[in-house]
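To start, the structure under review is shown below, and the notes come after it.
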Amino acid sequence: MTLASTPKRAVLYARYSTDFQNDRSVEDQLEICRAYGYRPIVGKPGELEIVPDEANVIGRIFSLYAVGTAPRSIAAMLNREGIAPPRGTRWNASTINGNSQRGHGILRNPLYSGRQIWNRVRMVKNPSTGKRLSRVNPESEWQSVDVPHLRIVDQALFARVAQRLSTVGGPQAKQASRSKRMLSGLLKCGCCGGGMTIIGADVAALVFSAAFTENRVSAKMARDTMSPR
1 MTLASTPKRA VLYARYSTDF QNDRSVEDQL EICRAYGYRP IVGKPGELEI
51 VPDEANVIGR IFSLYAVGTA PRSIAAMLNR EGIAPPRGTR WNASTINGNS
101 QRGHGILRNP LYSGRQIWNR VRMVKNPSTG KRLSRVNPES EWQSVDVPHL
151 RIVDQALFAR VAQRLSTVGG PQAKQASRSK RMLSGLLKCG CCGGGMTIIG
201 ADVAALVFSA AFTENRVSAK MARDTMSPR
């Protein structure tokens, strides 16, 4: 029996065997890449089972976030309780909130709702350094399958969390953080081409800072050229 001889194994095999081209066995890759809340089943290569204690933590994280608790506050609570994080020594907000494009983070992992997605990213080689880099694939290229036996969070709770994530990190948040200055992000230094940011707020004598190699240089704009007319 091969690793991909059952539907459950095929999902994991397709995901991880294409993402890692090295001497590790697929079973080792699965152990390295397993999501928090799961562990490999001994004697059943490629299959996972739920870890009850970790599943309880995941349930708490989803429930707390759904009622408005910030990821930073959730992480602080778990650290106070001495709960071991997925990796490292401490929980942090990014472990919980993650990255929307790559689907990283506990709150964004569809596996907790019983849906396995793979082919999110592809590996490419940097022609200059030879290092392998991951690049996000278009969502149209993602593949998925239902794995209800791995569900930790019910669909309704997962949907509420997804809705809040889209609100907090979506267009509304970007609009709220948008600069009030009309030319923000548009001004470039005529000498070095670096982006310019305002240091002084005096309308009559605006002071800008421009990136020049690794240093910063400043230039005062004359009153007769920058003052309103």
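Just so we're aligned, residue 1 is where the sequence shown starts under the working numbering, counting upward by one.
Glycine included, every Cβ here is placed at the ideal spot set by N, Cα and C.
When secondary structure is reduced to three states using DSSP, V57 falls in the helix class. Restricting attention to S166, Q163, V161, V153, the CA atom closest to the CA of E54 is found in V153. In the three-state reduction of the DSSP assignment, Y38 falls in the strand class, which pools E and B. By the C-beta criterion, the segment 76-83 is judged not to be in contact with the segment 110-119, since fewer than 3 inter-stretch pairs fall below 8 Å. Using a C-beta cut-off of 8 Å, the segment 118-137 makes no contact with the segment 86-94, since fewer than three inter-stretch Cβ pairs fall below that distance. Remark: C-beta atoms of L48 and Y38 approach each other more closely than 8 Å. Contact between N137 and N109 does not hold, since their C-beta atoms are separated by about 17 Å, which reaches or exceeds 8 Å. Only residues of its own chain outside the window of five on either side were considered, and among them I152, V153 have a CB closer than 7 Å to the CB of G59, listed in chain order. Here R87 carries a coil assignment [DSSP, helix/strand/coil]. With respect to the 8 Å criterion, V121 and R132 are not classified as neighbours on the basis of their beta carbons.
Assigned with DSSP and collapsed to three states, R132 falls in strand. If you ignore the 5 residues before and after I50, its C-beta comes within less than 7 Å of the C-beta of G37, Y38, L150, I152, all in its own chain and listed in chain order.
Around the beta carbon of P71, 16 or more other beta carbons lie within 10 angstroms, which makes this residue buried. With respect to the C-alpha of S144, the residue from A159, G105, L165, L111 having the closest C-alpha is L111.
Taking the CA atoms as reference points, P40 sits about 28 Å from E139. Following the DSSP letters along the chain, one finds R151 in no beta strand (DSSP E), marked with neither H nor E. Listed in chain order, the alpha helix (DSSP H) runs fully inside the segment 57-81 are 71-80, counting runs of at least 4 residues.
DSSP, read as helix, strand or coil, puts V124 in strand. In summary, A66 is buried, with 16 or more beta-carbon neighbours lying within 10 Å of its beta-carbon over all protein chains present.
The residues W91, in chain order, have a CB closer than 6 Å to that of L78 in the same chain once the five nearest residues on each side in sequence are set aside. When DSSP states are grouped into helix, strand and coil, V51 belongs to the coil group. Within 10 angstroms of the beta-carbon of V161 lie 16 or more other beta-carbons, which makes it buried.
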